[in-house]
Amino acid sequence: MKRWNLYTPEGVQDILFDDCRRKRILEGRIRDSFRLNGYKELETPTIEFFDVFGSDGGFINQESMYKFCDSKGRLLVLRPDLTIPVARIAATKLKDEDFPLKCFYIGNTFSFDQLGGGRQNEFTQAGCEILGVNSIEADAEVVAMAIEIIKTTGIEEFQIDIGQVEFFKGIMEESGLSEDEVEEVRELIDLKDFVGVEQVMDQHKVRAELKNLILDLPRLFGSKDILNRIDLNRVGERAAKALLNIKAIIEILEDRNLDKYVSIDLGMVQSMNYYTSIVFRGYTYGVGFPVLSGGRYDKLVSRFGRECAATGFSLGINMVMMALERQRKLEDVAEGGFLVTYEPGARKLASCLCRELIEKGLPAQMDIQLKSLDDTVQYAKRKGISRVICVKEDGSKKEIVL
Amino acid sequence: MRYITIALAKGRLAELSVEILERAGVDCSELKNSSRKLILTDEKNKIRFFLAKPSDVPVYVEYGAADIGIVGKDTLLEEGRDLYEVLNLGFAKCKMCVAGPKELEGRMDSITITRVATKYPEVARMYFRHKRKESVEIIKLSGSVELAPLVGLSDVIVDLVETGRTLKENGLVILDTIADISARMVVNRVSMKIENERITGLIEAIRKNL
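Heads up: the sequence lines are chains R and D, in that order. For the first sequence, the positions run 1 to 402 when the working numbering is used. For the second sequence, the positions run 403 to 612 when the working numbering is used.
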């Protein structure tokens with residue numbers, strides 16, 4: 001029966017010492033940054049009812065959730081996401097709150113998705129949501145916050161891609177394709193499969209201008225000049241509105257001097273059922289997956305019985321750690337500090353000294369092995385301790401700097 | 403400038419890939435004088451290459467260990483990785499097909515298929531699940547798949563068909579075509595964004611010279 005006692009389940013990991021310290025520092029910085037920008041932290045349960053995420057109209061596939069039962073036989077899951085619980089709270093618990101409400105969270109989420117390249121089944125996410133306001137200012141605020149948070153982590157070279165799901169939906173509405181055909185085109189555009197899009201579009205009578213735009217969609221990413229390449233009068237009202245929305249958000253980001261981090265991708269058409277307007281992703285060197293994703297999701301909260309606009313993002317902390325490692329930006333977290341050893345009879349003095357050091361905020365520890373001074377020095381070196389203090393019987397101290 | 407890394411599928415596909423890369427102005431001389439080095443470079447354009455087993459190419463690209471990959475559509479379908487598929491290179495053409503004994507010809511809709519032998523279990527599973535809405539038993543083989551229906555291991559096979567000669571010689575016929583296959587250029591989702599100019603430039607250069 002003990003066959004598995006030496007192992008951890010797939011996709012989870014032990015995070016030891018230096019890595020753990022770095023992760024805590026990172027989380028601490030992120031927490032401070034959110035707080036300084038006026039966001040309030042909240043914590044939601046690790047386990048929730050399956051229905052929160054996965055019943056009819058749910059957004060998470062049932063096969064990607066860890067499921068089990070409570071004592072009454074009801075289906076529970078380990079939370080696969082942190083935005084949906086926040087939406088649940090917004091609809092059920094915040095009746096007296098004054099909206100808009102800015103909140104943030106840092107916590108672990110769980111899902112059975114593909115593994116590797118920084119993706120785990122248990123992963124830490126940090127994110128924020130702005131609830132109860134649908135404005136370009138709020139959208140720009142969330143993008144600005146995303147930029148700020150990535151900078152906080154120590155990643156210097158990164159890029160935020162902004163898309164707009166309404167643009168695609170508007171164009172598809174104009175084209176008159178059926179729902180299944182739209183889904184097919186969406187998948188192909190998402191893969192930037194130029195040829196595939198062309199093959200599908202050749203089977204349909206769509207007016208030439210619109211067809212060319214659809215064929216061009218996988219290519220419509222890059223600097224914001226792309227937005228000017230599209231003639232607003234020719235794409236239909238819905239798509240035109242979406243483009244104006246992105247332009248307005250970019251203008252706000254220009255005022256905040258953040259536009260250099262931002263580029264456009266009108267072919268960003270993943271998660272169309274979740275997001276309702278602007279969508280964005282953050283990329284950096286060294287990892288093959290986005291470190292951050294977000295957008296506006298005005299329909300999510302209403303699933304829990306209350307109309308409430310919402311926009312936000314989440315950052316994958318494990319992914320960021322991997323990027324920092326690949327970019328050789330990991331911090332040195334060696335504590336240095338003191339090791340206090342003593343000759344027989346000087347124990348009391350030594351422990352007083354050690355206490356004093358700790359009270360001053362310096363890392364210090366008592367010797368618990370009491371070997372020869374040579375051995376103690378060697379031990380301290382291996383442990384990355386920077387000074388050994390030996391308290392002699394007569395009360396004098398010998399300090400050895402390593 | 404950072405290196406752009408290209409993963410090529412070992413074998414005939416790699417030779418053809420080298421041709422189109424050279425036509426696009428990439429220096430592949432080090433690659434052609436194949437030594438024992440695993441990673442080869444074009445210093446002028448800051449491009450690195452390596453050869454990998456075809457089914458590994460999409461994995462390298464998805465993880466970002468390679469920015470670009472050149473590999474068959476069959477491998478892409480089977481691996482189902484999250485990549486940008488930016489260019490159909492047009493060579494190494496064939497079809498992914500369902501094939502079976504002649505008696506089944508034209509009766510695909512009326513028969514119940516229970517066992518399918520294939521080198522492409524994921525492709526077969528997706529086809530039967532989504533296109534035919536059937537649950538079938540997939541038997542994974544590593545080669546000579548045509549043998550399976552002949553010796554009663556399976557009812558049909560899912561396999562690549564180039565000329566159809568092997569099928570014909572063994573009394574098998576194509577029952578349905580699942581997909582057209584050829585070599586594709588794939589790009590990592592993050593690389594495409596972060597090295598947009600260089601990668602788009604390379605794609606355009608290759609497209610023009612196809």
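No residue lacks a Cβ here, since even glycine has one placed at the ideal position from N, Cα and C. Everything numeric in this text was worked out from a predicted model, so none of it was measured.
is_contact[residue i, chain R] using C-beta, thresh 9 Å
i, result
"D:MET528", "no"
"D:ASP458", "no"
"D:ARG450", "no"
"D:ASP476", "no"
"D:ARG404", "yes"
"D:VAL525", "no"
"D:VAL589", "yes"
"D:ASP578", "no"
"D:ASP557", "no"
"D:VAL690", "Limits of chain D in this structure are 403 at one end and 612 at the other, which puts residue 690 of chain D out of reach."
"D:ASP484", "yes"
Helix, strand or coil at residue i [DSSP, three-state]
i, result
"R:ILE155", "coil"
"R:GLU97", "coil"
"R:TYR342", "strand"
"R:ASP161", "strand"
"R:CYS308", "coil"
"R:ASP298", "coil"
"D:PRO503", "strand"
"R:ILE264", "strand"
"R:LYS348", "helix"
"D:LYS446", "coil"
"R:TYR283", "strand"
"R:ARG21", "helix"
"R:GLU48", "strand"
"R:GLN62", "helix"
"R:SER372", "coil"
"D:TYR522", "coil"
"D:PHE493", "coil"
"D:ILE470", "strand"
Beta carbon proximity, residue i to chain D, threshold 9 Å
i, result
"R:PRO290", "yes"
"R:LEU227", "no"
"R:ASP265", "yes"
"R:PHE221", "yes"
"R:PRO80", "no"
"R:PRO45", "no"
"R:PRO363", "no"
"R:PRO9", "no"
"R:PRO218", "yes"
Option nearest residue i by Cα separation, candidates the options
i, options, result
"D:CYS499", "D:ARG609, D:MET587, D:ILE559", "D:ILE559"
"R:ILE368", "R:SER396, R:ALA350, R:LEU362, R:LYS360", "R:ALA350"
"D:ASP578", "D:GLY482, D:GLY508, D:ILE449", "D:GLY508"
"R:CYS20", "R:GLU137, R:ALA334, R:ALA240", "R:ALA334"
"R:SER71", "R:ARG88, R:THR83, R:PHE59, R:PHE49", "R:PHE49"
"R:LEU330", "R:ARG22, R:GLU10, R:GLN13, R:LEU6", "R:ARG22"
"D:PRO463", "R:LYS40, R:SER55, R:ARG35, R:GLY116", "For clarity, residue 463 of chain D is Val in the given sequence; the question names Pro instead. Among R:LYS40, R:SER55, R:ARG35, R:GLY116, the Cα nearest to that of D:VAL463 belongs to R:GLY116."
"R:VAL86", "R:LYS241, R:ASP190, R:ARG306, R:TYR379", "R:ARG306"
"D:LYS610", "D:GLY413, D:LEU433, D:ARG425, D:GLU417", "D:ARG425"
"R:LEU402", "R:GLY395, R:CYS390, R:ALA380, R:LYS392", "R:ALA380"
"D:LYS595", "R:ARG219, R:ARG79, R:THR341", "R:ARG219"
"R:LEU243", "R:ILE89, R:LYS151, R:ILE278", "R:ILE278"
"R:ILE25", "R:MET366, R:GLU10, R:ILE106", "R:ILE106"
"R:SER223", "R:PHE104, R:ILE246, R:LEU210", "R:ILE246"
"D:ARG600", "D:VAL428, D:VAL420, D:PHE530, D:PRO503", "D:VAL428"
"R:LEU15", "R:MET322, R:ALA346, R:VAL377, R:ILE214", "First, the amino acid is wrong: residue 15 of chain R is Ile here, not Leu. The shortest Cα separation from R:ILE15 among R:MET322, R:ALA346, R:VAL377, R:ILE214 belongs to R:MET322."
"D:HIS532", "D:ASP476, D:ILE605, D:ILE580, D:PHE451", "D:ILE580"
"R:TYR297", "R:PHE289, R:VAL291, R:GLY288, R:THR311", "R:THR311"
Proximal residues of chain D, C-beta to C-beta of residue i below 8 Å
i, result
"R:VAL407", "As displayed, chain R neither begins before 1 nor continues past 402, which places residue 407 of chain R out of reach and without an answer."
"R:GLN159", "LYS595, ILE596"
Under 7 Å by beta carbon: chain D residues contacting residue i
i, result
"R:VAL195", "ASN490"
"R:LEU283", "Just to set this straight, residue 283 of chain R is Tyr in the shown sequence, not Leu. The answer, in chain order, is VAL592, LYS595, ILE596."
"R:GLY116", "TYR465"
Where residue i meets chain R, residues with beta-carbon distance less than 8 Å
i, result
"D:GLU487", "LEU191, LYS192, ASP193, GLY196"
Chain-ordered chain D contacts of residue i [CB-CB under 9 Å]
i, result
"R:GLY163", "Simply none; closest approach about 11 Å."
Any 3 or more C-beta pairs closer than 8 Å across the region 542-552 of chain D and the region 566-581 of chain D:
Touching, per the Cβ criterion.
Would you check if the region 435-447 of chain D and the region 266-281 of chain R touch, i.e. whether three or more CB-CB distances between them fall below 8 Å?
The answer is no - the region 435-447 of chain D does not touch the region 266-281 of chain R, with fewer than three Cβ pairs under 8 Å.
Any chance the region 61-69 of chain R sits against the region 94-107 of chain R, with 3 or more Cβ pairs inside 8 Å?
Using a C-beta cut-off of 8 Å, the region 61-69 of chain R makes no contact with the region 94-107 of chain R, since fewer than three inter-stretch Cβ pairs fall below that distance.
Touch test, the region 587-600 of chain D against the region 458-467 of chain D, Cβ-Cβ under 8 Å, three pairs minimum
Yes, since at least three Cβ pairs between the region 587-600 of chain D and the region 458-467 of chain D fall closer than 8 Å, the two stretches touch.
Is it true that the region 475-494 of chain D meets the region 136-149 of chain R, where meeting means three or more beta-carbon pairs spaced less than 8 Å apart?
The answer is no - the region 136-149 of chain R does not touch the region 475-494 of chain D, with fewer than three Cβ pairs under 8 Å.
With a cut-off of 8 Å, do at least 3 Cβ pairs link the region 403-416 of chain D to the region 450-458 of chain D?
Result yes; three or more Cβ-Cβ pairs closer than 8 Å.
So, do the region 518-525 of chain D and the region 534-543 of chain D have three or more beta carbon pairs nearer to each other than 8 Å?
Enough Cβ pairs lie closer than 8 Å, so yes.
For the region 384-398 of chain R against the region 339-359 of chain R, do three or more pairs of beta-carbon atoms, one drawn from each stretch, fall closer than 8 Å, so that the two count as touching?
At 8 Å Cβ cutoff, the stretches touch.
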